[in-house]
Amino acid sequence: MSDHSDQTRTERARATLRANDRGGYCVPTARLYPFQWNWDSAFVAMGWATFDEPRAWDEILSLLRGQWDDGLIPHIVFHAPSDDYFPGPDVWQIHHTPPTSGITQPPVLATAARQLLERAKDHALAEARMATLYPRLLLNHRWWQQARDPARTGLVATLHPWETGMDNSPAWDAAMARVPTTTETVIRRRDTAHVDPAMRPRAEDYQRFIHLVDVFRGAGWAPDRMLAASPFKVADIGTNAILLRAERDLLALAERFGSAAERAEIAARIAGMQAAIQRLWDPGLGLFTCLDLIGNAPVRVGTSAGFLPLYGRAATAEQAAVMAGTMQAWAQRVAWLVPSTDPAHPSFEPLRYWRGPIWAVVNWMIADGLAQAGNAGLAAHIRDTTRRLIEAGGLSEYFDPTDGRGVGGADFSWTAAIYLLLTDAAAG
Ligand code: GLC
């Protein structure tokens, strides 16, 4: 491949971020997702940082304009009105400026902030931004523990599939079956007007998603009441592994920006999470699983989130080797890694959202974890796979693991960001 075409592709990825820029923040893609999304923005900030550091810091600061006083960073910040998305601010009914949703998403932000700082060329800007950010990140991590693990089990609870970022993963099927399909809110889906309904969550999934929002709004968005009232409560292995990684990155930031007491506090949370995540290892499946906190039972479905303890630095060397073998076994059934669901599982659907397709952000985290665990070969393979998927399938929302086709929405910010990160690392 010529330098010229590599440059063109990099320029196209940058142009996608610029096109999705709404003034200091990126929408995930035009139309389908017209606001700022929490974990998307963390990846997007790292993508911006490869060519525009001030804009990268702005992405994070814009997201934090949605942070609540108690530390919650909402999953959506509604900076500007749009009719293209349901449920909008009128359904959430949260009194915050700017308006926000009332649930969260996997906390990648401290990890992104640390990467921006450590790779910064403009040190003065990075130091100044980080000094502002550090207390906000600390407040957020305290929120996770107080709101979602008040009993100090070492695992935070997720109360809505949207909080996992993996909306309709088969890992939620059994737990979601308990959630009634009745809603107070009138459902007016907009997503199926933008994307083929066969790829999107089904109607009854949506009714349950909205039922949960109705329950939380009825609880006045108070964390303790939400935790008590939610008919869906899981310890998501993805969220917990990502939070553990974020805590490790926050601890590194606290060396420079925090106090000794804060470092001790963060280190204690890390120790608790590390031990608790170990209990989610499933030797039979060869990866980590989620825990249904209502049924008090492990969720024995292999999903790509089950590999994320690698990224969280929570897996032992033996577990890392077993997980590499599990990925190789999955690769016998699909052409491309890493499908979001075990391709041997009956729930595997290669085209339907989180039930099979490959997501670039998840691959990026898994590759990072494999590299850290010493498996440079498989890490390089997954990075190379992801890059080739994007080069052939475009900056798509996700990819079909059977044929590598780009599917879902087009011109996605976080796919562009991952492309920039993969090619930047290759260059460096
Ligand atoms: C979908 C995805 C979620 C993502 C959002 C915006 O809801 O499941 O992970 O953050 O779209 O891209």
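At position 159 of the sequence shown (counting the first as 1) the number is 161 in our numbering, and the numbers step up by one without a gap.
Cβ coordinates follow ideal geometry from the N, Cα and C atoms, glycine included.
Is residue i near the ligand GLC - that is, is its Cβ less than 7 Å away from at least one heavy atom of it?
{"i": "Asp39", "result": "One detail in the question is off: residue 39 reads as Trp in this sequence, not Asp. Answer for Trp39: yes, Cβ within range of the ligand GLC."}
{"i": "Pro109", "result": "no"}
{"i": "Gly167", "result": "yes"}
{"i": "Pro435", "result": "This structure gives no information on residue 435, because the portion of the chain shown stretches from 3 to 430."}
{"i": "Pro285", "result": "no"}
{"i": "Tyr35", "result": "yes"}
{"i": "Asp42", "result": "yes"}
{"i": "Trp366", "result": "no"}
{"i": "Pro30", "result": "yes"}
{"i": "Trp164", "result": "yes"}
Can you list, in chain order, the residues of its chain whose CB lies under 7 Å from that of residue i, leaving out five sequence neighbours each side?
{"i": "Thr185", "result": "Gln209, Ile212, His213 and Asp216"}
{"i": "Ala47", "result": "Ala58, Glu61, Ile62, Ala114 and Leu118"}
{"i": "Arg191", "result": "Phe88 and Tyr208"}
{"i": "Gly288", "result": "Val324, Met325, Gly327 and Thr328"}
Mind checking whether residue i and residue j have CB atoms under 8 Å apart?
{"i": "Leu118", "j": "Ala128", "result": "yes"}
{"i": "Ala369", "j": "Ala378", "result": "no"}
{"i": "Ser43", "j": "Ser171", "result": "no"}
{"i": "Ile279", "j": "Gly240", "result": "no"}
{"i": "Leu295", "j": "Leu282", "result": "no"}
{"i": "Ile420", "j": "Leu391", "result": "no"}
{"i": "Trp39", "j": "Ile78", "result": "yes"}
{"i": "Pro76", "j": "Gly104", "result": "yes"}
{"i": "Ala337", "j": "Thr417", "result": "no"}
{"i": "Trp41", "j": "Gly156", "result": "no"}
{"i": "Leu339", "j": "Ala346", "result": "no"}
Which residues share a DSSP beta bridge with residue i?
{"i": "Ile78", "result": "Trp39"}
{"i": "Ile360", "result": "Phe401"}
{"i": "Ala237", "result": "Leu293"}
{"i": "Asp23", "result": "Cys28"}
{"i": "Val158", "result": "DSSP, once it has assigned bridges, lists no residue as partnering Val158."}
{"i": "Trp94", "result": "DSSP, once it has assigned bridges, lists no residue as partnering Trp94."}
{"i": "Ala299", "result": "Asp294"}
{"i": "Thr102", "result": "Val79"}
{"i": "Trp146", "result": "None, per the DSSP bridge assignment."}
{"i": "Trp283", "result": "Phe290"}
{"i": "Val409", "result": "Tyr400"}
{"i": "Thr305", "result": "Thr343"}
Within its chain, find whatever has a CB closer than 6 Å to the CB of residue i; leave out the 5 residues flanking it on each side and keep chain order.
{"i": "Ala248", "result": "Pro109, Ala112 and Thr113"}
{"i": "Pro182", "result": "His213"}
{"i": "Asp251", "result": "Ala112, Thr113 and Arg116"}
Looking only at its chain, what residues have a beta carbon closer than 8 Å to the beta carbon of residue i, apart from the 5 residues adjacent to it on each side?
{"i": "Gly430", "result": "With a pLDDT of 43 at Gly430, under the threshold of 50, the modelled position of this residue cannot be trusted; read the value that follows with caution. Closer than 8 Å at the Cβ level, and outside the excluded window around Gly430, lies no residue."}
{"i": "Ser4", "result": "With a pLDDT of 47 at Ser4, under the threshold of 50, the predicted position of this residue should be treated as unreliable, though the coordinate-derived value follows. Excluding residues within five positions, none has a Cβ falling inside 8 Å."}
Evaluate residue i with the Cβ neighbour count: other Cβ atoms within 10 Å of its Cβ, from every protein chain shown; 16 or more gives buried, anything less gives exposed.
{"i": "Glu399", "result": "buried"}
{"i": "Ile272", "result": "buried"}
{"i": "Arg150", "result": "buried"}
{"i": "Ala322", "result": "buried"}
Is the Cβ of residue i closer than 8 Å to any Cβ of chain D?
{"i": "Ala173", "result": "In the structure shown, chain D cannot be found, because there is only a single protein chain."}
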